[in-house]
Every structure is written in structure tokens, then in C-alpha cells.
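In what follows, a structure is listed as C-alpha cells, so that the remarks can point back to it.
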Amino acid sequence: MTRQIGILLYPDFQLLDAAGVTAAFEIAGGFGGAAYEMTLLSRHGGLVRSSSGMAIKTVPLAAAGSFDTLVVVGGEGHRQAMNCPELQAFIRYQATTARRICSVCTGAFLLAAAGMLDGRRVTTHWQQAATLKALFPEVMVSADAIHVHDGPVWTSAGISAGIDMALALVTEDLGTEVGHRTAQQMVVFYHRPGGQSQFSVLLEMGSTQERFAELLGWIRSNLKQRLTVDILASQAGMSPRNFSRSFRAAVGMSPARAVEKLRLEAARERVERSTLPIEA
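All letters in the sequence shown, in the order written, are residues 1 to 280 by full-length UniProt numbering.
The following block contains the structure:
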């Protein structure tokens, strides 16, 4: 069975929102026996320019058929697109026939404007979560989730999180093996659970001070080694005493605590990616 996937674009959409989801379905379809057929849609059809300047050819809404899954992408143009009556009507109509209605990043604003998210738990890009909640108070916004599945509605966080959502959709359709093989082919993790934070520990630490960003990356790549304060201070080119004081001031925790958090995150990622059973 070939599942029809509609991907809704609008001017100034985010290119990776569309490309990441499209690539996941395309690759999965190769493993699943032509499991998916994709149609890129826009209000009037023709070339639609992304925020990067790259344009994609689309089919007009009037020529669109029915879809198993509709995906609405995000982008800088979401504010104007969400107020378009034609797009709202199209989304509402597709919701009556499609098995799933999905959004990537700020595509959630279009779903909310069409009334698809009232009373549902959803997510979007962390920078836009408060705005989504303020504009649509009936929507339950999970600001830190990677993707959220509530009934027939799937929403994902910013940009690359759309790939995580697409892999979850593929797994639901075609099983764990195809989902895993698709992730391997795309060279991405399989899979980050939807409830996992949008931020990695490394990003949270590195965002506080550029001074230790390179060291934090080195620690993340050398977690199997013995990582004492003396070793870390030497790597940073500092005395142990000055390093400990400066690191705590910049990162907000001791070097030992930072190493512990990074090791815990790495262990969690290994468990999430593993297909082996966990024994009690």
C-alpha cells in the first residue's frame, strides 16, 4: 500500500523543515516497497520561495487530492500563512479525511489557527512556545518536547526535530526495523523520544560561555577516559585551581558534575538507540 503524504509550503518556509521530512519518507519508502508518495503543496502552486531563497515547485491546493498524512512546515512566513483563510480551510478539510495531521516547528501556528490544536498537547520551536500559548490559550504547549503525538495530531519542535517526528511516523507505519534502517541511512539518531528535551546537555553548558565550548566538546568525545580536574585543566591550558574556579563561574557547575551529566546523557542515548532488551 502506498501512503499519500501532503507537505504544505508557503512563502518564506524553512527549507530544512520540508527537506528533512521529505528525505525520511523517501528513504523509508525505498526500504518499505514504495510505501510513500509525496506531494508538495502551496496555496497557488508553482514555485514557492523558502526563507533561504531556494524555491520549490508545488501543486496548488485546488488540485490536491486526499492524503494519509498532511505535514505543515514552519518558517519565517508562518505569521502571514496562519491568517490565510484558504490555508485554514484546506487544513480543516484534510483533517476530516487524513489519518494524521502533522506540523514541523512553527507549522503548529497554522494548525492552531485552523482550530486543530484546541485542547491538545503540542510542541513547537522553543523560541515560539510562549507566543503560541499566548495566541491560542486553549492549546496545551509542551515547550521542551521534541515531538508530541496527541490523537491524530503530531507536532514537532524546531527544524531538525521534524526528522525525529518523521522517523516516528515511519516506525508507526512500517515497523522498528524500517525506522532504524532509515535513521542509519540518514546518519541520524534512532530515535530521540518525543519527550526528550530540545536541548542537549552539551548545548546547555556551551551556551553559557564560549570560553569552555571547545573543552566541553573534547570531554563529550573522550568520556571513556579518566577525566580528573588535573587532566581537564591541562587540556584547557590552565592551572587546576584557576580552572576549577573559572569553569564553575562560566558553566554553573563543577568540572566533575559536568563530566557526570555528559556521561549520563551519553548512557541514555546508547539505551535509546539500542534494540536489545533491558534486563532487570
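Using N, Cα and C, we set each Cβ at its ideal position, and we do this for glycine too.
Item                                                                                                                       : Value
Contact under 8 Å by Cβ, H147 with S160                                                                                    : no
Straight-line gap, L227 to G237 (C-alpha atoms, nearest Å)                                                                 : 15 Å
Own chain residues within Cβ distance below 6 Å of V71, not counting five before or after                                  : I7, V21 and C102
Backbone secondary structure at I101 - three-state DSSP                                                                    : strand
Contact test: G119 Cβ vs the ligand HEM heavy atom, cutoff 7 Å                                                             : No copy of the ligand HEM appears in this structure; indeed no ligand is present at all.
Spatial neighbours of W154 in its chain, beta-carbon cut-off 8 Å, leaving aside the 5 residues before and after            : R100, I101, C102, S103, H147, V148, M165, A168 and L169
Per-residue burial, H44 [other beta carbons within 10 Å of its own, 16 or more giving buried]                              : exposed
Alpha-carbon spacing of G29 relative to P240, whole angstroms                                                              : 54 Å
Selected residue, minimal CA-CA separation from residue 283, among A113, L132, H78 and V178                                : There is no way to answer for residue 283, as the model of the chain reaches only from 1 to 280.
Through-space distance from E37 to H78, alpha-carbon basis                                                                 : 25 Å
Where L110 falls: helix, strand or coil (DSSP)                                                                             : helix
Pick from R220, E214, S221 and F247 that is closest to D230, judged by C-alpha positions                                   : F247
Rounded C-alpha distance that separates T124 from A130                                                                     : 10 Å
Beta bridge counterpart(s) of H78 as assigned by DSSP                                                                      : DSSP, once it has assigned bridges, lists no residue as partnering H78.
Inter-residue spacing [alpha-carbon to alpha-carbon] between I219 and M253                                                 : 15 Å
Beta-carbon contacts of R270 that lie in its chain and below 8 Å, excluding the five residues immediately before and after : none
Coil, strand or helix - G46 by DSSP                                                                                        : strand
Three-state class that DSSP yields for M38 in the structure shown                                                          : strand
Cα-Cα separation between F136 and G158, rounded to whole angstroms                                                         : 19 Å
Cβ-based burial, M54 [other Cβ within 10 Å; buried from 16]                                                                : exposed
Simplified DSSP assignment, three categories, for P255                                                                     : helix
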